[in-house]
Structures are given as C-alpha cells and as structure tokens.
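K.L.:
Take this structure, written in structure tokens, and hold onto it; I'll ask about it next.
In this note's numbering, the protein residues as written are 640 to 811.
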C-alpha cells in the first residue's frame, strides 16, 4: 500500500516514476538506478539491504509521518499531457534493459480504453497481480483508480509468487 501512495505522491508533485522490482538481481537494480538517475528513491525500510550503494536520497515510505498540511492542494504549474508519467524498463533484448518513456497522454489513452473495454467504473472491483516492475501494473492500477473503482492488492511474496497463497487470497 505504501508503494501505491508513494506513486500517487510522485504524480501529484508533477514528477515521473521508475518502477523497480526489488526482487530482481542486484546487478539489474544497480543498472536501472544508474541509468534512470532518479533524484530520490522511494523504498521500504525492509528493502534497503537489496539496494546498491546510492548517491541519491532515500525516502522510506513506511517511516513517513502523515502530512500535517493535508488540506493544502498545491497545483504544479506547466504540466501537460506531454510530461512523463513513468519510465518502464524492458527485459533488454540487446543484453541491457532499455527505458521506455511513457507520457501522461499515453497513460490517459490506456485508462480510457481499459475502462471502456472492461467496463471499469465506480463500484467495480479489480485486482492487481502484476509485479511492481512489470508494465502490466499500469494496466491494473491506473484505470481502476481513475474510474473510482476498488483496487484489491494481492499479498506481496518476497522472491516470487506463492500460488497457494494467491489462490487463498483470490477465494477470500
């Protein structure tokens, strides 16, 4: 849940995010963080040991205090549909992962199509099963939230999927 709140905060601030799956090998994590050159890394304190040495600040989402200025709703000037929303890394057919830049207009088109094609609307219930670093996460999360539907987050299993746990969650 903290990760999703962090993503919303990044977008509210007018920035873009780079989803990185902490279960990936350290070499891949190091490459993605070096290549994308983020100004800050949002993480959970339990994942710090998975991260390579970083020259940028870390924000531990599970240790952030609630904002006292929650009534403030500042608008970020100069944002348009041309701005980046996220950069997703491919598996890398040439040996190194490649960052694909996704703009707000592209995500807006996906949200519009997805909601129409799958009849996602307020009152709908959907689930998110894709890993955080996988591009399908955008298909599962953003249409649901933008439509005002309910998003059910699958339990996170460190190091891979536990099919039995997933089936139990699905049945519940």
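Every residue gets a Cβ at the ideal spot worked out from N, C-alpha and C, and that includes glycine.
Being a predicted model, the structure only gives us computed values, none of them experimental.
For residue 716, does the count of other Cβ atoms within 10 angstroms reach 16, so buried, or fall short, so exposed?
P.N.:
Residue 716 should be labelled exposed.
K.L.:
Quick one: what does DSSP say residue 753 is sitting in, helix, strand or coil?
P.N.:
Residue 753 falls in the helix class under three-state DSSP.
K.L.:
Assign residue 791 to one of three DSSP states: helix, strand, or coil.
P.N.:
If DSSP states are grouped into helix, strand and coil, residue 791 belongs with the strands.
K.L.:
Tell whether a beta-carbon distance below 9 angstroms holds between residue 780 and residue 668.
P.N.:
Taking 9 angstroms as the Cβ cut-off, residue 780 and residue 668 do not qualify as a contacting pair.
K.L.:
Distance check for residue 663 and residue 756, CA to CA, integer angstroms please.
P.N.:
Going by the C-alpha atoms only, they are around 32 angstroms apart.
K.L.:
Name the residue from 685, 659, 703, 675 whose alpha carbon lies nearest to the alpha carbon of residue 694.
P.N.:
If we check each option's Cα against that of residue 694, 675 comes out closest.
K.L.:
Comparing alpha-carbon positions, which option in 765, 642, 648, 729 lies nearest residue 701?
P.N.:
Per the Cα distances, 642.
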